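A short worksheet on the structure shown next.
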Amino acid sequence: MHEWMAQRIITISTRPFMVLFRESFGLPTDLVRPLASDSPVLGQLQLLLQAMSGMENDILGWEKDDKEGNPLNAVEVLLSLGVPRLQAFHAVLDAHNDLMRLYIALAAEYLVEMEGPQKKQATAYVTLKDKLWPCDGLVDDRLRAVRFLMQMCGSFCDY
């Protein structure tokens, strides 16, 4: 799945979003050639957001991808390797939640690095997680919510 996610980060293409988001908070927008003031942690945060977006898309779109025979989905990649259906789904979900925990930890590290007037903009940038994922406990809440949705969809995971 590692190889698939390396490709998935490219296909999800959140770069335009990253540029616009950075611009809205007065941060440098040149993602191709980072400025010296850019933290390597900021780049890691951006990559984590891309990976999480790809996994979320794959998790939420899995039923459709499976019905259409679309192999371009992290769950389908694991299925092609012989991983049982429910185990494959949970592996992708758990990988997403691990990335979420790492994102939260790196965001805190990034804010500690900042000084001066940019700290306010940087705080707004990394607290994107608070808008999308209201609390650290949501990692587990999201896990329960997605599992609940899968149960509500019937026995899709059981065949």
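The sequence shown runs 1130 to 1288 under the numbering used here. Glycine included, every Cβ here is placed at the ideal spot set by N, Cα and C. This structure is a prediction, so every number in the text was calculated from the model and none was measured.
Enclosing alpha helix (DSSP H) for residue 1190 [first to last residue]: As a working note, residue 1190 is residue 61 in the sequence shown. Run containing residue 1190: 1169-1197, per the alpha helix (DSSP H) assignment.
Contact check, residue 1147 vs residue 1207, beta carbons under 7 Å: Taking the first residue of the sequence shown as position 1, residue 1147 is located at position 18. Taking the first residue of the sequence shown as position 1, residue 1207 is located at position 78. The answer is no: Cβ separation not under 7 Å.
CB contact flag (residue 1178, residue 1228, <7 Å): Along the sequence shown, read from residue 1 onward, the residue named residue 1178 stands at position 49. Along the sequence shown, read from residue 1 onward, the residue named residue 1228 stands at position 99. No.
Cβ separation of residue 1203 and residue 1137, assumed to be a contact under 8 Å, to the nearest whole Å: Taking the first residue of the sequence shown as 1, we reach residue 1203 at position 74. Taking the first residue of the sequence shown as 1, we reach residue 1137 at position 8. Contact flag correct, Cβ pair sits at about 7 Å.
8 Å Cβ shell around residue 1181 - same chain, five flanking residues per side excluded: As a first step, residue 1181 must be located in the sequence shown, where it is residue number 52. These residues qualify, in order along the chain: 1225, 1228, 1229 and 1232.
Cut-off 6 Å between Cβ atoms - residues of its own chain near residue 1217, not counting five sequence neighbours on either side: In the sequence shown, counting from the first residue as 1, residue 1217 sits at position 88. Here the set comprises 1204, 1207 and 1208.
Rounded straight-line distance, which links the Cα of residue 1213 to that of residue 1158: Looking up residue 1158 in the sequence shown gives position 29. Looking up residue 1213 in the sequence shown gives position 84. Cα to Cα, the separation comes out at about 43 Å.
Rounded C-alpha distance that separates residue 1237 from residue 1244: Against the sequence shown, residue 1237 aligns to sequence position 108. Against the sequence shown, residue 1244 aligns to sequence position 115. Cα to Cα, the separation comes out at about 14 Å.
Beta-carbon gap between residue 1173 and residue 1215 smaller than 7 Å: Locating residue 1173 in the sequence shown gives position 44, counting from the first residue. Locating residue 1215 in the sequence shown gives position 86, counting from the first residue. No, Cβ-Cβ distance for residue 1173 and residue 1215 is not below 7 Å.
Close-in-space but distant-in-sequence residues of the same chain around residue 1291 (CB under 7 Å, 5 per side omitted): Lying before the first or after the last residue shown, residue 1291 is absent from the chain, which here runs from 1130 to 1288.
Extent of the continuous alpha helix (DSSP H) run through residue 1226: Here residue 1226 refers to the residue found at position 97 of the sequence shown. Residue 1226 -> alpha helix (DSSP H) spans 1214-1242.
Simplified DSSP assignment, three categories, for residue 1134: Counting from 1 along the sequence shown, the entry for residue 1134 is found at position 5. DSSP places residue 1134 in helix when its eight states are reduced to three.
Buried versus exposed call for residue 1165 [16 or more other C-beta atoms within 10 Å across all chains shown]: If you number the sequence shown from 1, residue 1165 lands on position 36. Caution is warranted here: a pLDDT of 45 is assigned to residue 1165, below 50, making its placement in the model unreliable, and the coordinate value is therefore given only provisionally. Flag for residue 1165 reads exposed.
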